[in-house]
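Student: Read in our numbering, the sequence shown has 265 at position 275, and its numbers run on one by one without any break.
This is the structure I have questions about; it appears just below.
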Amino acid sequence: MTNLDIALHVKRLPGWMVLALWTLVVALPLYILIVSCFKSTAEIYGDKFGLPTQWTLDNFVNAWTKAQFARYMVNSFLVTGGAVALTIIVSAMAAFPLSRYPLGWSSPLLAFFLAGVMLPIRLASVEMFTLMKHLDLLDSRLGLVFVYTAIRIPFAVFILANFMRVLPRELEEAARLDGAKEWRILVSIIVPTIRPAIAIVAIFTAIAVWNDFFFPLIFIFDDAYKTVPLAITTFVGQFRTDWGMVFASLAISMMPVLVMYLLLARQIREGVGATGGLK
């Protein structure tokens, strides 16, 4: 190894140390979560980092049956799936004219959507609760879908519009010459071309909706409509908390989002790589 190679490795050493430290910060909580899923509460208190004395699935079985976790999972799937689908549909229809038509007010309107990303929506919780009450959408999955869709639309419009803006206009011009209408151009040409952007919007929306605890807490009162984050709180009591079941339920709740990310990973990587060409 030459002196130049040694100098190059020394120069890269601080970066590798930062990466190693970040890996430790991320991996340690995941390790604690995984091993705690198979421990009793006494074992967790006794040794947080040690392996369980007996590997058993009792915590998963109890979390699934005692708390009726399947019902909460169905609720979360319905709310998350509905919010993701409605967000993509509405945002695509909004981003298409903003990015493809020569409108003088498209940039200010896009900036208005971007302002929705920066404003903390929880400041309007009282007004949202009043509106939901007047619309008779409290204590319903549909109400949660509308709330999450309204929250995620600004981010989705910003992402989709920027991806649509760099597409060559020859694509839609050729379609118009063939007699295609605007709706057909959007559905058959624009949307398939921006699949990486749609994947980014889908995964970010799904994670935000699936993990949200705040809005189900204030809008849902009936146990039949509660979502997974609320279900996990049933294991936390005033005098005793079954931490083994808490960690098991957290592991179960992570699986759908992890599977979704793995399915969309290629599209997300393509989308992130494509962002370098966005103007």
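Backbone N, C-alpha and C fix where the C-beta goes; we use that ideal spot for every residue, glycine too.
In this text, all values refer to a predicted model and were calculated from it rather than measured experimentally.
With DSSP run on the structure shown, which of helix, strand or coil describes residue 156?
Tutor: Start at 1 with the first residue of the sequence shown, and residue 156 comes out as number 166. Looking at residue 156 - three-state DSSP - the assignment turns out to be coil, as it is neither helix nor strand.
Student: Just verifying my parser: in three-state terms, what is the DSSP assignment at residue 231?
Tutor: If you number the sequence shown from 1, residue 231 lands on position 241. Three-state DSSP puts residue 231 in a strand.
Student: Taking C-beta to C-beta, are residue 194 and residue 119 nearer than 8 Å?
Tutor: Your numbering for residue 194 matches position 204 in the sequence shown. Your numbering for residue 119 matches position 129 in the sequence shown. Their beta carbons are not under 8 Å apart, which means residue 194 does not touch residue 119 by this criterion.
Student: Skipping 5 residues on each side, what residues in its chain have a beta carbon closer than 7 Å to that of residue 232?
Tutor: The count along the sequence shown starts at 1 and reaches residue 232 at position 242. If we look at residue 232 and ignore the five residues flanking it on each side, its Cβ neighbours are 31, 225.
Student: Looking only at its own chain, which residues have a Cβ that is under 6 Å from the Cβ of residue 106, when we skip the five neighbours before and after it?
Tutor: If you number the sequence shown from 1, residue 106 lands on position 116. 144, listed in sequence order.
Student: Which residue comes first and which comes last in the alpha helix (DSSP H) that contains residue 340?
Tutor: A question about residue 340 goes unanswered here, because the residues of the chain that appear run from -9 up to 269.
Student: Report the CB separation of residue 96 from residue 88 in whole angstroms; it is logged as a contact under 8 Å.
Tutor: The count along the sequence shown starts at 1 and reaches residue 96 at position 106. The count along the sequence shown starts at 1 and reaches residue 88 at position 98. Indeed they touch by this definition, with Cβ atoms about 5 Å apart.
Student: Quick check on the DSSP output: the alpha helix (DSSP H) that includes residue 123 runs from which residue to which?
Tutor: What you label residue 123 is simply residue 133 of the sequence shown in a count that begins at 1. Residues 115 to 124.
Student: Residues in the same chain with beta-carbon distance under 6 Å from residue 45, minus the five sequence neighbours each way, listed in chain order, please.
Tutor: Here the question's residue 45 lines up with position 55 in the sequence shown. Taken in chain order, the residues that qualify are 28.
Student: Here's the rule I'm using: 16 or more other beta-carbon atoms within 10 Å means buried, otherwise exposed. How should residue 200 be labelled?
Tutor: Counted from its first residue, the sequence shown places residue 200 at position 210. Buried.
Student: Could you name each continuous alpha helix (DSSP H) segment of 4 residues or more that falls completely within the segment 155 to 210, going from the start of the chain to the end?
Tutor: Listed in chain order, the complete alpha helix (DSSP H) runs (minimum 4 residues) inside the segment 155 to 210 are 160 to 167, 172 to 175, 185 to 200, 204 to 209.
Student: Mind checking which residues open and close the alpha helix (DSSP H) that includes residue 97?
Tutor: One-based indexing of the sequence shown puts residue 97 at position 107. Note, residue 97: alpha helix (DSSP H), 96 to 108.
Student: When you compare only the Cα positions, how much space is there between residue 113 and residue 205?
Tutor: As a working mapping, residue 113 is identified with position 123 in the sequence shown. As a working mapping, residue 205 is identified with position 215 in the sequence shown. Approximately 12 Å between the Cα atoms of the pair.
Student: Determine whether the beta carbon atoms of residue 176 and residue 148 lie at a separation below 8 Å.
Tutor: By one-based count along the sequence shown, residue 176 stands at place 186. By one-based count along the sequence shown, residue 148 stands at place 158. For residue 176 and residue 148, no; Cβs fall outside 8 Å.
Student: Output the distance between the C-alpha atoms of residue 162 and residue 179, rounded to the nearest integer angstrom.
Tutor: Looking up residue 162 in the sequence shown gives position 172. Looking up residue 179 in the sequence shown gives position 189. Taking the straight line from one Cα to the other gives about 7 Å.
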